[in-house]
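Student: Residue numbers (the numbering used here): 747 to 1076. Beta carbons: idealized from backbone N, C-alpha and C, even for Gly.
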Amino acid sequence: MENYTAATNRYESMPYRRCGKSGILLPSLSLGLWHNFGHVDNFNTSKQIVHTAFDKGITHFDLANNYGPPPGSAEENFGKILKQSFASYRDELIISTKAGWGMWPGPYGDLGSKKYLVASLDQSLQRMGLDYVDIFYHHRPDPYTPLEETMSALDLIVRQGKALYVGISSYNTEDTLRASKVLKELGTPCLIHQPRYSMLDRWVENGLLDVIEDEGIGSIAFSPLEQGILTNKYLKGIPENSRAAKSTGFLQKEQVTKEVIQKAQQLNGIAQKRGQSLAQMAISWLLKDHRITSVLVGVSSEKQLLDNLGALTNLEFSVSELQEIETILK
Ligand SMILES: NC(=O)c1ccc[n+]([C@@H]2O[C@H](COP(=O)([O-])OP(=O)(O)OC[C@H]3O[C@@H](n4cnc5c(N)ncnc54)[C@H](OP(=O)(O)O)[C@@H]3O)[C@@H](O)[C@H]2O)c1
């Protein structure tokens, strides 16, 4: 694996979508490194996943300062992969990172101050061995810091050449609109919003998607498979080798309720009739909305990634399929 050469046909099957009103196209499916890329994980598996993703046209890799565990180790491992395999492909990649959750002790390692964001990005760049990231996000809203300060930190970071574009994550509709206005005034428009969005969590349909479209912002849906619940993984209980079973995973066993599994089983019935896996249908269902630029999946194996990529060959839903899905989701 040391001498990685990317597949020559890597741009032949991936559909790319324009990110809002920007010059950037993102792959319909992007890869997130929240889980499965830390020092607790198998490095060769992580590397294989990144190689396969790029070979299939996934040009966008999403990180954050705190991904691991331990925090920071996903960036370190990704930096190692970049150095070993991707040195000559840097200009074909969109690499994002974020700051906003607690990262180091004391008052300057959390939330949304200029002090935290600027220092955190410097640390991220060092861990990944990069001069700049393509997208830098404020990871979550900060109720204490004035929005103007956080947005001016994003603007500063772009002017310093440490990020090309900026984004926000998990901001509600009202704060998204405010943030977008401030960023436009500063001359660094918001490229992208990263909200949680899946068949089981549809808060973005309540205004956010309208605002991002009006503002010319793209969107990338995180946890589209509800951390694995919207796959075949939990249909028959909680397997040992799963995020819910692992002590380092963010999916708690208690979240895998009977009710939710029943829904997944019913949805799986529709997926089967469509000739898709449940994971594939969950991804296709998000991509049916043109306001979704990309769907950001996590995977613990190459096999899961290939399964998820299969979604892209069947993005159409009939009216009756959509109605059936609505009935289950209600
Ligand atoms: N902005 C934010 O605040 C925020 C928050 C969370 C996530 N994110 C981003 O979004 C990315 C994705 O989030 P996520 O990892 O929660 O996404 P997800 O795609 O909903 O869940 C990923 C998990 O689902 C399982 N899975 C995936 N594909 C599968 C398949 N085809 N068949 C069976 N199981 C499958 C795997 O679980 P197992 O590990 O059990 O195999 C995998 O680890 C993150 O990596 C991160 O980049 C951002």
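Could you tell me which of 941, 857, 925 sits nearest to residue 934, measuring between CA atoms?
Tutor: Nearest of 941, 857, 925 to residue 934, Cα basis: 925.
Student: Any heavy atom of ligand 1 closer than 7 Å to the beta-carbon of residue 968?
Tutor: Yes, since a heavy atom of ligand 1 falls inside the 7 Å radius drawn around the Cβ of residue 968.
Student: First and last residue of the beta strand (DSSP E) that includes residue 844?
Tutor: 840 to 845 is the span of the beta strand (DSSP E), which, as asked, contains residue 844.
Student: Do residue 987 and residue 1024 have their CB atoms nearer than 8 Å?
Tutor: Going by C-beta atoms, residue 987 is not nearer than 8 Å to residue 1024.
Student: Quick check on the burial criterion: 16 or more other C-beta atoms within 10 angstroms. Buried or exposed for residue 1004?
Tutor: It counts as exposed.
Student: With a threshold of 7 Å (Cβ to nearest heavy atom), would residue 901 be considered close to ligand 1?
Tutor: Because no heavy atom of ligand 1 lies under 7 Å away, the Cβ of residue 901 does not count as near it: no.
Student: What I want to know is whether the C-beta of residue 781 ends up closer than 7 Å to one or more non-hydrogen atoms of ligand 1.
Tutor: Flag set: Cβ of residue 781 near ligand 1.
Student: Under a three-way DSSP split, which group does residue 797 fall into?
Tutor: In the structure shown, residue 797 sits in a helix (DSSP, three-state: H, G or I).
Student: Rounded to whole angstroms, what is the Cα-Cα separation between residue 1009 and residue 895?
Tutor: Approximately 43 Å, taken between the alpha carbons.
Student: Taking only three categories from DSSP, how would you classify residue 764?
Tutor: Three-state result, residue 764: strand.
Student: Sorry if obvious, but does the Cβ on residue 1018 come closer than 7 Å to a heavy atom of ligand 1?
Tutor: Residue 1018: no, Cβ never under 7 Å from ligand 1.
Student: Taking the DSSP output, what are the residues bridged to residue 833?
Tutor: In DSSP, residue 833 forms no bridge with anything.
Student: What residue does the beta strand (DSSP E) around residue 964 start on, and which one ends it?
Tutor: Its beta strand (DSSP E) spans residues 964 to 968.
Student: Given that a residue counts as buried once 16 or more other Cβ atoms are within 10 Å of its Cβ, and exposed if not, what is residue 1043?
Tutor: By the 10 Å Cβ count, residue 1043 comes out buried.
Student: Would you mind working out which of 888, 813, 1033, 824 sits nearest residue 1058, comparing C-alpha positions?
Tutor: Nearest of 888, 813, 1033, 824 to residue 1058, Cα basis: 1033.
Student: In chain order, what residues of the same chain have a beta carbon less than 7 Å from the beta carbon of residue 803, not counting five sequence neighbours either side?
Tutor: Within the same chain, residue 803 has close Cβ partners 756, 757, 759, 760, 773.
Student: If I follow the unbroken beta strand (DSSP E) through residue 940, where does it start and stop?
Tutor: Note, residue 940: beta strand (DSSP E), 936 to 940.
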